[in-house]
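Protein chains in written order, with the working numbering: chain A, 81 to 253; chain B, 176 to 502. Yeah, the Cβ is synthetic: ideal placement off N, Cα and C, and Gly gets one too.
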Amino acid sequence: MDPRTKQAFTLWTQAQPAVSAFVHALVGDRVMRDEVLQEVALAILEGFDRYDASRPFLPWALAIARNEVANARHRGRRFPTLLSEAAESALADAVASVSDDERVRLAHLADCLAQLEGRPREICDLRYRSGLSPARIAAALGMQSNTVSKALQRVREELRACIERRIAAEGAR
Amino acid sequence: MSGPVPIDDRAWSRFAQSALDGELSPADAELFSKTLAADPVRAAEFARLAMLHDALERELNAAVEGRAVARQTRLIARVRGIAAVAAALALAATLAWIGLRTTPEASAAEVVARLVAAVRSGDRTYFVRAIEDGRRQPRPVEKPRGARPQPHPAPSIDGAILYVRAPSSYVLARLDEGGGETLTGSDGTRAWIVPATGPVRVSRDPKRFSGALPGSQQGIVFVDPHVDLEELARSYQLTLTPPATSDGLARIEGVRRSDARGGPKRIELSYEESTARIRTIRLENLPQARGGPRTVEFELVDDAPLRDDFFLHTRHHDASRVVIEEN
Numbered sequence: 081m082d083p084r085t086k087q088a089f090t091l092w093t094q095a096q097p098a099v100s101a102f103v104h105a106l107v108g109d110r111v112m113r114d115e116v117l118q119e120v121a122l123a124i125l126e127g128f129d130r131y132d133a134s135r136p137f138l139p140w141a142l143a144i145a146r147n148e149v150a151n152a153r154h155r156g157r158r159f160p161t162l163l164s165e166a167a168e169s170a171l172a173d174a175v176a177s178v179s180d181d182e183r184v185r186l187a188h189l190a191d192c193l194a195q196l197e198g199r200p201r202e203i204c205d206l207r208y209r210s211g212l213s214p215a216r217i218a219a220a221l222g223m224q225s226n227t228v229s230k231a232l233q234r235v236r237e238e239l240r241a242c243i244e245r246r247i248a249a250e251g252a253r
Numbered sequence: 176m177s178g179p180v181p182i183d184d185r186a187w188s189r190f191a192q193s194a195l196d197g198e199l200s201p202a203d204a205e206l207f208s209k210t211l212a213a214d215p216v217r218a219a220e221f222a223r224l225a226m227l228h229d230a231l232e233r234e235l236n237a238a239v240e241g242r243a244v245a246r247q248t249r250l251i252a253r254v255r256g257i258a259a260v261a262a263a264l265a266l267a268a269t270l271a272w273i274g275l276r277t278t279p280e281a282s283a284a285e286v287v288a289r290l291v292a293a294v295r296s297g298d299r300t301y302f303v304r305a306i307e308d309g310r311r312q313p314r315p316v317e318k319p320r321g322a323r324p325q326p327h328p329a330p331s332i333d334g335a336i337l338y339v340r341a342p343s344s345y346v347l348a349r350l351d352e353g354g355g356e357t358l359t360g361s362d363g364t365r366a367w368i369v370p371a372t373g374p375v376r377v378s379r380d381p382k383r384f385s386g387a388l389p390g391s392q393q394g395i396v397f398v399d400p401h402v403d404l405e406e407l408a409r410s411y412q413l414t415l416t417p418p419a420t421s422d423g424l425a426r427i428e429g430v431r432r433s434d435a436r437g438g439p440k441r442i443e444l445s446y447e448e449s450t451a452r453i454r455t456i457r458l459e460n461l462p463q464a465r466g467g468p469r470t471v472e473f474e475l476v477d478d479a480p481l482r483d484d485f486f487l488h489t490r491h492h493d494a495s496r497v498v499i500e501e502n
């Protein structure tokens, strides 16, 4: 592997979680996310000569991701949440600004997830492992869709709180 | 020029969560977009949530152990009461037949026979994914002034749930863009469709309304495993693959022979070697002559028994709905 390709590969590996989250938020579906991410990775490798190494890599990668999401849309893909261009741009900026900090926090996710039990865990599994929408989960569990949405919100908030507790405990040491 | 949009923390949190779950109404999406664009603090909050959302999905799909938990989830057994694994049964039976006819090694036939036996042993519930949406892009037709939007867009196979019971009962539940649910099914003797609105239709032809089942248009038998087996048997070459280290599942791959006509170019089943339980069914390169997705995957999400009457249309609509009996 030549040095330039190696550099591209290293930078992409570091940026991928943030780019993945960004694309996932725009396209709403993990299969589509992976499809777009593949295109992003190819575009980055193919266009790496145009990358200005004096500037941060992640914003550049996010700009490419926005283009690839737009390309997918032009190919007729339908995404559930349509953000305005200004909102997409603001989200890209925000992802770039929080990415480093979040990567550190999310290192605690697996431990926090392991503590999740019972119905919240079941709903979390159905949403993220089986890929079911809240409406589908509601149908499966005989619940109201709104109740499932609120339960998912609580799950995410609990996980976030757990992560914060662990970060705080680490800091206290 | 729009300034910052006033929105309280609670409403913002709900919007942000709904956005990630694809549940924002168009009006809410507009307000969400405006807030995101105008308020960097809100945008940062959403970015953090989006990273958690994505990391959760990756974390839960990373471990084989996780898959085992998912299998145990008694998902749609508690389904409020919709309802047959025709897909799996048909495909497995088809492959069994093909295997017995065309595979020289006894092991292929033995494995497939085990799969068929396992499928016949109970109900199955599958989550359906259209891996590559082959839906034709609609032509940009200018609508007449004042034309009303189509109230009920066609339901999608992507995200659908398929319930199957051997030998030939099934229920396919699909959602449309507006959140309405269309159910099509068969109790083995009569087929039916329960649209989101409008009359329920019932037919004595068990294959009526089965067009929505991926593969049914191309001669891949989902509803009745005994139909067209002879043609299918001539069409695929089977290969067995031992369990992969990544997910512990063994696989059977069927590749359509070059001189065969119709059907997906490639079929793949993954299954647990110890129990012969089929976990995924993948149909690749489905013919596109009639539109629909190019590749479809069925993932087993539950194998708990469904109610006896689950495959009757009456189980899925109010008694007050108009029912039209076709000939």
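When C-beta distances to chain B are compared with 8 Å, the residues of the region 94-105 of chain A below that value are P97, A98, S100, A101, F102, H104, A105, in chain order. Residues of chain B with a Cβ closer than 9 Å to the Cβ of V184/A do not exist; the shortest Cβ-Cβ separation is about 11 Å. The three-state reading of DSSP puts Y338/B in strand, counting E and B together.
Its chain contains I203, R207, P214 as the residues whose beta carbon lies nearer than 7 Å to that of L232/A, once the 5 sequence neighbours on both sides are disregarded; these appear in chain order. Look at the region 474-489 of chain B: the residues with a C-beta under 9 Å from a C-beta of chain A are E474, V476, D477. Residues of the region 214-228 of chain A with a C-beta atom less than 7 Å from some C-beta of chain B are P214, A215, R216, A219, A220, L221, G222, listed in chain order. The beta-carbon separation of R240/A and L227/B, rounded to 6 Å, stays under the 8 Å limit for a contact. The C-beta distance from A371/B to I332/B rounds to 16 Å, too long to meet the 8 Å contact threshold. Under the three-state reduction of DSSP, Y208/A is assigned to helix. Contact annotation: in the region 196-210 of chain B, residues whose CB is within less than 9 Å of a CB in chain A are D196, G197, E198, L199, P201, A204, E205, F207, S208, K209, T210.
Comparing C-alpha distances from V116/A to each of L196/A, I247/A, R236/A, H154/A shows the shortest one belongs to H154/A. For S188/B, the enclosing alpha helix (DSSP H) starts and ends at 184-195. Residue pairing of Q118/A in beta bridges, as defined by DSSP: absent, with no partner found. Beta-bridge annotation (DSSP): F302/B is paired with I336/B, E474/B. DSSP places R233/B in the helix class (H, G or I) of the three-state scheme. Segment contact: the region 449-459 of chain B against the region 470-490 of chain B, three or more CB-CB distances shorter than 8 Å; contact assigned. The alpha-carbon of A248/A is positioned some 34 Å away from that of I217/A. A172/A and E459/B have their C-alpha atoms spaced approximately 34 Å apart. Listed in chain order, the non-local C-beta contacts of D380/B below 7 Å within the same chain comprise A366, local neighbours out to five positions each way being set aside.
Within the region 216-227 of chain B, contact with chain A at the beta-carbon level (separation under 8 Å) is assigned to A218, A219, F221, A222, R223, L224, A225, M226, L227. Excluding the 5 residues flanking it on each side, D484/B has same chain C-beta neighbours closer than 6 Å at R490, in chain order. With contacts defined by Cβ atoms closer than 8 Å, D229/B and H104/A form a contacting pair. For S445/B against R426/B, the beta-carbon gap comes to about 5 Å, under 8 Å, which counts as contact. DSSP, read as helix, strand or coil, puts A348/B in strand. Put simply, of L163/A, I144/A, D191/A the residue whose alpha carbon is nearest the alpha carbon of R130/A is I144/A. Among the residues facing chain B, V178/A is included, as its CB has a counterpart in that chain under 8 Å away.
Taking a 10 Å sphere around the C-beta of R113/A, we find 16 or more other C-beta atoms and assign the residue as buried. In the three-state reduction of the DSSP assignment, V497/B falls in the coil class, being assigned neither a helical nor a strand state.
When Cβ-Cβ separations below 8 Å define contact, Q233/A makes contact with chain B.
Contact annotation: I336/B and T300/B have beta-carbon atoms nearer than 8 Å. If you draw a straight line from the Cα of L212/A to the Cα of R199/A, it comes to about 15 Å.
The three-state secondary structure of L413/B, taken from DSSP, is strand. Cβ neighbours of A152/A within its own chain (closer than 6 Å, five residues either side excluded): V116. When the beta-carbon positions are compared, L350/B and G334/B come within less than 8 Å of each other.
Residues of the same chain with a CB within less than 8 Å of the CB of K440/B, apart from the 5 flanking positions on each side, are V430, R431, E459, N460 in chain order. Its chain contains I243, I247 as the residues whose beta carbon lies nearer than 7 Å to that of R185/A, once the 5 sequence neighbours on both sides are disregarded; these appear in chain order.
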